[in-house]
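Visitor: First, the structure itself, so that you have it in front of you.
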Amino acid sequence: MLLFAPFWMNAIGGYTELATRIVVMGLAAMSLNFLLGFTGVLSFGHAAYFGLGAYGTAMAIKYWAVGSIPAIVLGVIVATIAAMIIGALIIKLRGVYFAMVTIAFGQVFYFIAFRWNAVTGGDDGLTGWRRLPINFGFAELDIVQNDRAFYYFALAIFAVCVAAMAVLLNSPFGRSLIAIRENERRARFLGVPIEFHVWLSFVISCLFVSAAGGLYALLNNFIDPRALRVDLSGNLVIMAVLGGMRSFWGPLIGAAIFVALQDYVSSQTQNWMSVIGLVFVLVVRFFPRGVLGMLRTGAKA
Amino acid sequence: MSQVVLFNVFNGLIVGAFYALMALGLSLILNLSGVINFAHGGFLALGAYLAYTLIPYIGFWGALIVAPPLTAVLGLVIEWLLIRPLYGKDPLYSLLLTFGLAYIFEDVTRLIWGAQSVPFQVPGWLMSSLSSQYFFLTGYRVFMMIIVAAAVGGLFAVLKYTRLGMRIRAGTRDLDTVSTLGVNVRVLRSLNFGIGIYMAGLAGVLAAGLLGLSPTIGANLIMPSFVAIIVGGLGSLLGTLIGGLMIGVASGLAAVYFPSATEAVIYVMMALVLLVRPRGLLGEEGRLH
């Protein structure tokens, strides 16, 4: 279905860039869900790693003029290192406190991006760069002008990451993560090294979210501190919950709904903030299991 | 010490007092009910705007007395409607819900009162300086410190000497037992929430006088409150108070020596504390889970 998205998107009144954005956010939401839905740990600061991936990619292109793929790789490396360090700092916390610290760390990076004008462009964002055509050596893929080509590029990266996540989740490692989610104490008694597993899950989750961030930067040819703000972190969580935390593809559906909704609402009214806020409230009150969660229970009944 | 340093430390203490006032409200709600009230900043803004609307009718002092309880009442309504159903569940849900509420609050205040800053009138005699040598000792700042000290002192007194306070403290440690002992836990949580929001409203009225009033006033103050709780210690109100003051002074000092890092310094402190003592300076063992 995703493969032919650019074609049917236009038919339903969307446009290719929207589809690309959904894919990017979907990847981000699914990465978050690796930690949230499958390990049972809430991070409300994932935007930090998304943003680090984005800024890393952008700065790599701006200052070192690397190709698109190496740029994303660089962004991912930067974000993953940060995740490893921060993860180590906060691994002893749980529940509400873990969530709080992730929020705080998210804001740290927001401020750095905001203040470090010379390097990051501050509030105005980082401009003066754009994604370059990908040179495979034997052929060149023009992803600069061609929206569709970029969509497929993003989709390819998405597919690689998602496949990796699926493999990990089906492995013994993935199984132990689910065990941790279900009953941490019992998992501990079973000999599962909790701290290490949670840390690893955190790092992996941030790794993939930073790939999404890199794609995001490339998509817009622009990046600004808002990509790091707690707003985005919250949006990612709501996407995961809206689509269904317990399912693998849920967050993608959540992302699709959320991105489309945001796009539509902001073109209709000034008060889109209230609508988004209302979405949060309604989802938590009435649809905590998300779309796929509801469909599943519907199927059983 | 030079005037500049003194000024900034004093300013830092004032700001820290604010952070502490807000953080204490947040901490109260967090400790008893396990709810991260992301909308706390929104309540602060509401308190401020309510006061702003009331001032022409009942004056500054009237607003100072009336606006916080009004905000608390609104808080109680919201608690009853929206937050109560979430108590048994994963903290994820209350965080998401209050996050959404924060959005709604900010947008609604923008809708009702406009997106621009509005002038907040404080009685003229409060604004003047108390001493020609220490120009920064404006009456308003001293007044604020006094009110905050009174509020905090009042809070601690209530917690220590009244039955409600005792129940809250007990509930923080072991809510199930408190419930089996016959205390109406639902009412307890609501009242606790109300007290927390009262503090937010009060902080709002005071903050507006110092910082000026615009729809984003709440959002700016909520992150330092989080940090104050983390630094001061999870589960400890005294820790939150100290945490708030500490980060206030830290950012005041940073303003002197590293002006561009004034906001960042509180996060640096947080990282340091987490590294050395993950449960916070006065945090309790076992609060981590």
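Chains A and B are the protein sequences, given in the same order. If you're matching positions, the first sequence starts at 1 in the working numbering and goes up one per residue. If you're matching positions, the second sequence starts at 1 in the working numbering and goes up one per residue. Cβ atoms here follow ideal geometry from the backbone N, Cα and C, with glycine treated the same way.
#1: Decide if Thr269 (chain A) is buried, meaning its Cβ has at least 16 other Cβ atoms within 10 Å, or exposed.
#2: On the DSSP letters alone, give me the boundaries of the alpha helix (DSSP H) that Ala228 (chain B) sits inside.
#3: Using CA atoms only, rank isn't needed, just tell me which of B:Ile217, B:Gly239, B:Met166, B:Pro85 is closest to Gly204 (chain B).
#4: Are the beta-carbon atoms of Phe38 (chain B) and Phe99 (chain B) separated by less than 7 Å?
#5: Give a yes or no on whether the minimum CB-CB distance between Gln107 (chain A) and chain B is below 7 Å.
#6: Provide the residue span of the alpha helix (DSSP H) that contains Ser266 (chain A), from first to last.
#7: What is the DSSP secondary structure of Leu181 (chain B), counted as helix, strand or coil?
#8: Could you tell me which chain B residues have their CB closer than 9 Å to the CB of Ile238 (chain A), listed as they occur along the chain?
#9: List the residues of chain B that Val241 (chain A) touches, going by C-beta distances under 9 Å, in chain order.
#10: Within 7 Å of any Cβ in chain B, is that where the Cβ of Gly87 (chain A) sits?
#11: Along the chain, where does the alpha helix (DSSP H) that runs through Pro69 (chain B) open and close?
#12: Which residues in chain B sit within 7 Å of Asn271 (chain A), going by Cβ to Cβ distance?
#13: Three-state secondary structure (DSSP) at Ile223 (chain A)?
#14: Let's test the definition: count the other Cβ atoms within 10 Å of the Cβ of Thr39 (chain A) and tell me whether it reaches 16, buried, or not, exposed.
#15: Keeping to the same chain, check which residues put their C-beta closer than 8 Å to that of Arg285 (chain A); ignore five residues upstream and five downstream.
#16: Assuming Ala48 (chain A) and Phe105 (chain A) make a contact with CB atoms under 8 Å, what is their CB distance in whole Å?
#17: Any heavy atom of the ligand COA closer than 6 Å to the Cβ of Tyr87 (chain B)?
#18: Once you ignore the five residues that flank Leu168 (chain A) on each side, which residues in its own chain have a CB closer than 6 Å to its CB?
#19: 7 Å is my cut-off, CB to CB: does Leu234 (chain B) come that close to chain A?
#20: Can you check whether the C-beta of Leu274 (chain B) is within less than 7 Å of a C-beta belonging to chain A?
#21: Under 8 Å, with one C-beta from each stretch per pair, do the stretch 141-148 of chain B and the stretch 68-76 of chain B reach the 3-pair mark?
#22: Below 8 Å, how does it come out for the stretch 163-171 of chain B and the stretch 80-89 of chain B: are there three or more Cβ pairs, yes or no?
#23: Using only the alpha-carbon positions, how far apart do Val142 (chain B) and Gly248 (chain B) sit?
#24: Using the beta-carbon of each residue, which ones in chain B are nearer than 7 Å to Pro288 (chain A)?
#25: How do the stretch 190-202 of chain B and the stretch 46-62 of chain B stand: do at least 3 beta-carbon pairs fall below 8 Å, yes or no?
#26: If you reduce the DSSP assignment to three classes, tell me which class Val122 (chain B) lands in.
#27: Tell whether a beta-carbon distance below 7 Å holds between Pro225 (chain A) and Ala240 (chain A).
#28: Please specify which runs of the beta strand (DSSP E), each continuous and at least 3 residues long, are wholly inside the stretch 135-166 of chain B, giving them in chain order.
#29: What residues from chain B crowd round Ile194 (chain A), counting only those whose CB sits closer than 7 Å?
#30: List the residues of chain E that Pro278 (chain B) touches, going by C-beta distances under 7 Å, in chain order.
#31: If contact is defined by three or more beta carbon pairs under 8 Å, each pair taking one atom from either stretch, is the stretch 228-246 of chain B in contact with the stretch 11-30 of chain B?
#32: Please classify Ala154 (chain A) as buried or exposed, where buried requires at least 16 other C-beta atoms within 10 Å of its C-beta.
#33: For Gly25 (chain B) versus Gly243 (chain B), is the C-beta spacing smaller than 7 Å?
#34: Go through its chain and collect everything with a Cβ distance to Glu263 (chain B)'s Cβ below 8 Å, but skip five positions before and after it.
#35: What do you reckon, are the CB atoms on Phe208 (chain A) and Cys161 (chain A) nearer than 7 Å?
#36: So what's Leu237 (chain B) in DSSP terms, helix, strand or just coil?
Guide: Concretely, from the data shown:
#1: By the neighbour-count criterion, in which 16 or more other beta carbons inside 10 Å mark a residue as buried, Thr269 (chain A) falls on the exposed side.
#2: Residues 217-232.
#3: For Gly204 (chain B), the nearest C-alpha among the options comes from B:Ile217.
#4: Yes, the pair counts as a contact, with Cβ atoms nearer than the cut-off.
#5: With respect to chain B, the C-beta atom of Gln107 (chain A) has a partner C-beta closer than 7 Å.
#6: 250-268 is the span of the alpha helix (DSSP H), which, as asked, contains Ser266 (chain A).
#7: Three-state result, Leu181 (chain B): coil.
#8: Neighbours of Ile238 (chain A) in chain B, taken as residues at a C-beta separation under 9 Å, are given in chain order as Leu96, Phe99, Gly100.
#9: Neighbours of Val241 (chain A) across chain B, judged by C-beta separation under 9 Å: Leu92, Tyr93, Leu96.
#10: No, Gly87 (chain A) does not count as interfacial toward chain B.
#11: Following the DSSP letters along the chain, one finds Pro69 (chain B) inside the alpha helix (DSSP H) bounded by residues 40-78.
#12: In chain order: Asp107, Leu111.
#13: Assignment of Ile223 (chain A) by DSSP, reduced to helix, strand and coil, places it in the strand class.
#14: Buried: at least 16 other Cβ atoms inside 10 Å.
#15: None.
#16: Indeed they touch by this definition, with Cβ atoms about 6 Å apart.
#17: Of the ligands one can find in the structure shown there are none, so the ligand COA has no counterpart to examine.
#18: So the list reads Gly174, once near-sequence residues are dropped.
#19: Yes, its Cβ sits closer than 7 Å to a Cβ of chain A.
#20: With respect to chain A, the C-beta atom of Leu274 (chain B) has a partner C-beta closer than 7 Å.
#21: The answer is no - the stretch 68-76 of chain B does not touch the stretch 141-148 of chain B, with fewer than three Cβ pairs under 8 Å.
#22: Contact fails: fewer than three Cβ-Cβ distances are below 8 Å.
#23: C-alpha separation (whole angstroms): 16 Å.
#24: Near Pro288 (chain A) (Cβ distances below 7 Å), the residues of chain B are Tyr93.
#25: Flag = yes, the stretch 190-202 of chain B and the stretch 46-62 of chain B touch.
#26: Three-state result, Val122 (chain B): coil.
#27: The answer is no: Cβ separation not under 7 Å.
#28: Runs found: none.
#29: Here the premise fails: no neighbours, minimum Cβ distance about 11 Å.
#30: In summary, chain E is missing from the structure at hand, where the protein chains are A and B.
#31: Taking a cut-off of 8 Å for Cβ pairs, the stretch 11-30 of chain B and the stretch 228-246 of chain B touch, as three or more such pairs fall below it.
#32: Looking at its Cβ environment, which holds 16 or more other Cβ atoms inside 10 Å, Ala154 (chain A) is buried.
#33: Against a cut-off of 7 Å, the Cβ pair of Gly243 (chain B) and Gly25 (chain B) comes out as no contact.
#34: For Glu263 (chain B), where only same-chain residues beyond five positions count, the Cβ hits under 8 Å are Ser251.
#35: For Phe208 (chain A) and Cys161 (chain A), yes; Cβs fall inside 7 Å.
#36: In the three-state reduction of the DSSP assignment, Leu237 (chain B) falls in the helix class.
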